[in-house]
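S.K.: Just add 2 to the spot in the sequence shown (first one is 1) and you have the working numbering. Where a beta carbon is used, it is the ideal one built from N, C-alpha and C, also for glycine. Dropping the structure in here first, questions after.
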Amino acid sequence: ERERRHDDGEDDDGARRGVGWRGYYASGFVIIALLTWLLRDYTDTDSWGDMFTKSMKDCRENGSCAHAIATRAGLGNVLFFAVMLVMSVNTRESDRASIRVKINEYYWVLKGVFWVGLMFAAFALPMGAKDYDALVNVFRALAAVFLLIQAIVCLGWIYDLNDKLMEGIDEDNAGGSKSVWILAGTSLASYASALTLLAFLYKLWVPSSSCSRNNAIITCMVVLCVAFTVISLHGKVNGGVFTSGVTMFYCLYLIASALNSEPRDYSCSPVTSDGDLNSLLSFIGFMFALCALGKTAHSASSHSALQGDGDEDSPESPYATTYFHFVFLTASAYCAMVFVDWSGAGVTQGAGWTSVWVKVTLAYASAALYLWALVAPFVFKNRDF
Numbered sequence: 003e004r005e006r007r008h009d010d011g012e013d014d015d016g017a018r019r020g021v022g023w024r025g026y027y028a029s030g031f032v033i034i035a036l037l038t039w040l041l042r043d044y045t046d047t048d049s050w051g052d053m054f055t056k057s058m059k060d061c062r063e064n065g066s067c068a069h070a071i072a073t074r075a076g077l078g079n080v081l082f083f084a085v086m087l088v089m090s091v092n093t094r095e096s097d098r099a100s101i102r103v104k105i106n107e108y109y110w111v112l113k114g115v116f117w118v119g120l121m122f123a124a125f126a127l128p129m130g131a132k133d134y135d136a137l138v139n140v141f142r143a144l145a146a147v148f149l150l151i152q153a154i155v156c157l158g159w160i161y162d163l164n165d166k167l168m169e170g171i172d173e174d175n176a177g178g179s180k181s182v183w184i185l186a187g188t189s190l191a192s193y194a195s196a197l198t199l200l201a202f203l204y205k206l207w208v209p210s211s212s213c214s215r216n217n218a219i220i221t222c223m224v225v226l227c228v229a230f231t232v233i234s235l236h237g238k239v240n241g242g243v244f245t246s247g248v249t250m251f252y253c254l255y256l257i258a259s260a261l262n263s264e265p266r267d268y269s270c271s272p273v274t275s276d277g278d279l280n281s282l283l284s285f286i287g288f289m290f291a292l293c294a295l296g297k298t299a300h301s302a303s304s305h306s307a308l309q310g311d312g313d314e315d316s317p318e319s320p321y322a323t324t325y326f327h328f329v330f331l332t333a334s335a336y337c338a339m340v341f342v343d344w345s346g347a348g349v350t351q352g353a354g355w356t357s358v359w360v361k362v363t364l365a366y367a368s369a370a371l372y373l374w375a376l377v378a379p380f381v382f383k384n385r386d387f
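Right, here's the structure in full:
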């Protein structure tokens with residue numbers, strides 16, 4: 003019995019330790035994101051070009067200093083998590099004697115200085131218009147990877163939350179009725195939000211019958227959403243309306259974000275002079291990203307897009323720490339793209355068709371992923387889902 007309690011105590015300490023260092027990295031990421039937002043919107047961005055005279059002196063001519071601030075802050079974050087990713091390759095948290103494990107979990111003052119140093123280095127790096135465009139293209143690719151990871155993480159979180167609510171309903175106590183109301187309310191809210199967003203999609207991006215491309219993109223997604231909703235309600239599948247409603251809203255949000263990246267001179271693209279639409283979509287995207295990162299940072303298990311479930315402190319799970327830093331590396335690029343509306347340096351008329359098709363592809367991939375999650379147990383009957 004004493005041995006069992008000792009083992010349980012070690013497991014709890016390992017879980018708390020894992021959540022702890024993840025929380026520090028996540029907190030640093032959020033702080034830098036907020037500072038970037040404040041510097042971009044609430045400071046004289048042109049003065050930054052004067053401060054870093056050799057590296058940012060041409061930011062006004064090449065595009066905007068606000069764009070330069072966001073991309074350079076993203077570069078500093080990407081470089082930091084890239085270094086941590088390389089250092090954590092093939093490490094196991096259970097190997098307490100490893101210097102790489104200790105560096106990952108401790109020495110926060112030194113890592114903080116190193117992190118800030120990389121941020122200053124990113125701002126001091128000489129970059130021209132072509133360099134900005136190349137960096138934005140790399141960030142777009144990394145951001146696309148993060149959106150795919152985000153879809154996987156959010157889908158898992160939706161299923162976990164749905165399971166907890168269903169367990170509450172099954173209990174024979176007062177909490178059961180409470181869970182019913184919570185599940186019904188959240189399901190209704192998710193579908194109401196999705197349908198409201200759908201109405202805005204047709205109103206803003208299909209102003210006339212000549213906008214067949216936008217109409218096809220939206221309508222095909224609607225068909226796919228109806229399909230997985232019907233399948234989820236089937237008695238044998240029993241996927242639930244909550245999971246379908248949230249997934250539908252998420253997929254339609256990606257479509258809205260994609261269409262909002264269309265060039266402003268495109269006849270079917272709405273003209274928003276006050277920037278309210280861009281701000282709203284950026285806010286929703288940032289909230290989804292924080293939820294995905296929070297889930298990744300809080301998780302004490304080795305859930306990953308590349309590896310199944312397992313115990314992080316087990317020697318059989320050498321990729322959990324590497325995966326964590328990889329997620330935050332791609333999230334850093336995604337955050338930079340959110341702050342510049344996925345546009346290149348000097349681009350003020352929409353992000354362009356490359357960003358549009360990247361987001362449209364990811365929207366359909368997210369819907370297909372959820373649809374596959376519904377039917378996979380019937381395709382692979384011998385597996386435990």
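Are there three or more Cβ pairs, one per stretch, closer than 8 Å when the region 327-336 is compared with the region 132-152?
M.R.: yes
S.K.: Roughly how many whole angstroms lie between the Cα atoms of residue 322 and residue 332?
M.R.: 16 Å
S.K.: Select from 136, 327, 195 the residue whose C-alpha is nearest the C-alpha of residue 25.
M.R.: 327
S.K.: My assumption, with CB atoms under 8 Å, is that residue 198 sits in contact with residue 244. Please give the rounded CB distance.
M.R.: That belief does not hold up - the Cβ atoms of residue 198 and residue 244 are roughly 17 Å apart, past 8 Å.
S.K.: Less than 8 Å separating the beta-carbons of residue 329 and residue 151?
M.R.: yes
S.K.: Could you give the DSSP three-state label for residue 43: helix, strand or coil?
M.R.: helix
S.K.: Taking only runs that begin and end inside the region 210-265, name each unbroken alpha helix (DSSP H) of 4 or more residues, in chain order.
M.R.: For the alpha helix (DSSP H) assignment, the uninterrupted runs of no fewer than 4 residues enclosed by the region 210-265 are, from N- to C-terminal side, 214-234, 243-261.
S.K.: Less than 7 Å between C-beta atoms, sequence neighbours within five positions excluded: which residues of the same chain meet that for residue 317?
M.R.: Since pLDDT at residue 317 reaches only 42, below the 50 mark, its modelled position is unreliable, and the value read off the structure follows with that caveat. For residue 317, where only same-chain residues beyond five positions count, the Cβ hits under 7 Å are 94, 96.
S.K.: Go ahead and pull the three-state DSSP assignment for residue 268.
M.R.: coil
S.K.: Return the Cβ separation of residue 372 and residue 249 in integer angstroms, given the expectation that the two are a contact with Cβ distance under 8 Å.
M.R.: 5 Å
S.K.: Should residue 137 and residue 38 be called a contact, given that it needs their Cβ atoms to be closer than 8 Å?
M.R.: no
S.K.: Could you check which residue in 237, 260, 231 has the C-alpha nearest to that of residue 246?
M.R.: Comparing alpha-carbon positions, the option among 237, 260, 231 lying closest to residue 246 turns out to be 231.
S.K.: Whole angstroms are fine: how far does the CA of residue 126 sit from the CA of residue 114?
M.R.: 18 Å
S.K.: Compare the beta carbon distance of residue 376 and residue 234 with 8 Å and say whether it is the shorter of the two.
M.R.: yes
S.K.: Give me the residue from 116, 294, 87, 251 with the minimum Cα distance to residue 103.
M.R.: 87
S.K.: Below 8 Å between beta carbons: does that hold for residue 358 and residue 260?
M.R.: yes
S.K.: Leaving out the 5 sequence neighbours to the left and right, which residues in its chain are closer than 8 Å to residue 284 when beta-carbon positions are compared?
M.R.: 340, 341, 343
S.K.: Would you tell me roughly how many angstroms separate the C-alpha atoms of residue 216 and residue 118, rounded to the nearest one?
M.R.: The alpha-carbon of residue 216 is positioned some 43 Å away from that of residue 118.
S.K.: Which residues in the same chain have their Cβ closer than 8 Å to the Cβ of residue 223, if we skip the five residues on either side of it in sequence?
M.R.: 253, 254, 257, 365, 366, 369
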